[in-house]
Amino acid sequence: MTKSISGLMGLIYEVEELDRLTTCSGDWDRFAQENGWFSGSWGNLTSSTLWDHITDLTTQKLYRRLMAQVRQENKELTFDLRCDSPWLQRYLRMTLEPGSGTDWVRFCSRPVRLQPHNLPYRFNFLKEPQPGAHSFCSFCNQVEFGGLWKQISNPTSRLKVPQSSLTLVAQTCPSCAQRLGVLVGQPPPL
């Protein structure tokens, strides 16, 4: 498997008024395969909603607020986030803008900075919290250990990971909740 970001360059997808995934440009299928996503082809995703893929409530609330502002004010919103693969730290710029249909929203992501990483542990991602799972932020990729949010890919964080595998569940860290809440002119949803 080639380790690249080919599908990420210029990746654009839309959701319709009921937040179902509709269209995608870019090489989504290759991107999904390279990242080990089991859902594979874009065709397998078009009958699902965005909320089938964003599982934690805080992140859903933030995206719902962002999308509502795009729909109501017919304007675009831009913010930075991380979307890492097993071998690459991807710092992205995401723009939400009015889509091609009434009340549709277009998501446009593009890489800002790419940096290889070789983490000494594997990640197991869960859709629901379970005992022993750690929270990771859907926007900045920090992981919460004992109440502290840290970048585990940053060697200067001095974070001691006790095992070779980490079980993670998506959430939004307080810093990102604040930053994105301010973007839509509302307090953070925590």
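Just so we're aligned: the sequence shown equals residues 1057 to 1246 in our numbering.
Ideal Cβ positions, reconstructed from N, Cα and C, are used throughout, including at glycine.
Quick caveat: nothing in here was measured; it's all calculated off a predicted structure.
For arginine 1127, the enclosing alpha helix (DSSP H) starts and ends at 1113 to 1129.
The secondary-structure analysis by DSSP pairs aspartate 1136 across a beta bridge with Arg1149. Counting along the chain, cysteine 1232 sits inside the alpha helix (DSSP H) bounded by residues 1230 to 1239. Straight-line measurement puts the Cα of phenylalanine 1179 at about 22 Å from the Cα of glutamine 1116.
An exposed status is given to serine 1081, since fewer than 16 other beta-carbon atoms sit within 10 Å of its beta-carbon.
The segment 1188 to 1202 and the segment 1227 to 1239 touch, with no fewer than 3 CB-CB distances between them shorter than 8 Å. Sequence-distant partners of phenylalanine 1135 (beyond 5 residues in either direction) whose C-beta falls short of 7 Å from its own C-beta, in its chain, are Met1150, Leu1236, Leu1239.
Contact between leucine 1224 and histidine 1190 holds: their C-beta atoms lie close to 6 Å from each other, under 8 Å. Here the alpha carbons of cysteine 1139 and threonine 1102 stand approximately 21 Å from one another. A straight-line Cα-Cα distance of about 32 Å links serine 1141 and glycine 1157.
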